[in-house]
């Protein structure tokens, strides 16, 4: 007994089969194949639903609203920028504390990174006992110091989870707060 693939069945139930295929499928159904009768029955019901849906006139205002929602929810255009790993130039943790200083109420750290033509100056601050860390930074173009680096997205991620997101101001400065966790990465996609 020969069974037919789904494309043959969909053409058959919509009346679009060639005459020879229509006769062959008709004989197959007449032979009593329960599986194929079930498939044909389901596809006939589906075709009937589609025909009824085609008769529904959607009001123009509903179409306009749907299109507006679709436009609002379109994803941003994805551009793959080259990744340039940053190189650490300075880290205040490598500096000894001033003589006589054993503890501080405020824990802070400063670091300077370089990636290609850009530098990234970062300053972390954490009040003792607070679960949040404040991160302040500035992006600079070393080749063109007068270049404004405003509206540059700054993303702090841990694994695949976005912890904090902000954009730089016209001077390339940014600020964010986050709860510390492992495997932090800071992404600064400068064009």
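Residue numbers (the working numbering): 4 to 194. For glycine and all other residues, C-beta sits at the position ideal for the given N, C-alpha and C.
| Item | Value |
| --- | --- |
| DSSP bridge partner residues for residue 140 (one or two, in chain order) | 125, 177 |
| Backbone CA spacing between residue 94 and residue 127 [nearest angstrom] | 11 Å |
| Bridge partner(s) assigned by DSSP for residue 112 | 127 |
| Residue 89 (DSSP reduced to helix, strand or coil) | coil |
| Nearest-angstrom beta carbon gap, residue 121 and residue 92 [assumed within contact, 8 Å] | Not really, about 12 Å apart at Cβ, beyond 8 Å. |
| Residue 40 vs residue 32 beta-carbon contact at 8 Å | yes |
| Limits of the unbroken alpha helix (DSSP H) element including residue 47 | 37-58 |
| Residue 30 versus residue 17 - alpha carbon distance | 17 Å |
| Unbroken beta strand (DSSP E) run spanning residue 157, endpoints | 156-161 |
| Cut-off 6 Å between Cβ atoms - residues of its own chain near residue 141, not counting five sequence neighbours on either side | 124, 175, 176 |
| Coil, strand or helix - residue 1 by DSSP | Residue 1 falls outside the range modelled here, since the chain spans only 4 to 194, and no answer is possible. |
| Rounded straight-line distance, which links the Cα of residue 34 to that of residue 52 | 28 Å |
| From 130, 162, 192, residue whose alpha carbon lies closest to that of residue 153 | 192 |
| Option nearest residue 146 by Cα separation, candidates 168, 9, 171, 119 | 119 |
| Opening and closing residue of the beta strand (DSSP E) in which residue 170 lies | 164-170 |
| Closest by C-alpha distance to residue 161, when choosing among 54, 184, 178, 6 | 184 |
| Presumed contact (8 Å Cβ cut-off) between residue 98 and residue 136, rounded CB distance | Wrong, their Cβ atoms sit about 19 Å apart, outside the cutoff. |
| Assigned secondary structure, residue 63 (DSSP; H/G/I helix, E/B strand, else coil) | helix |
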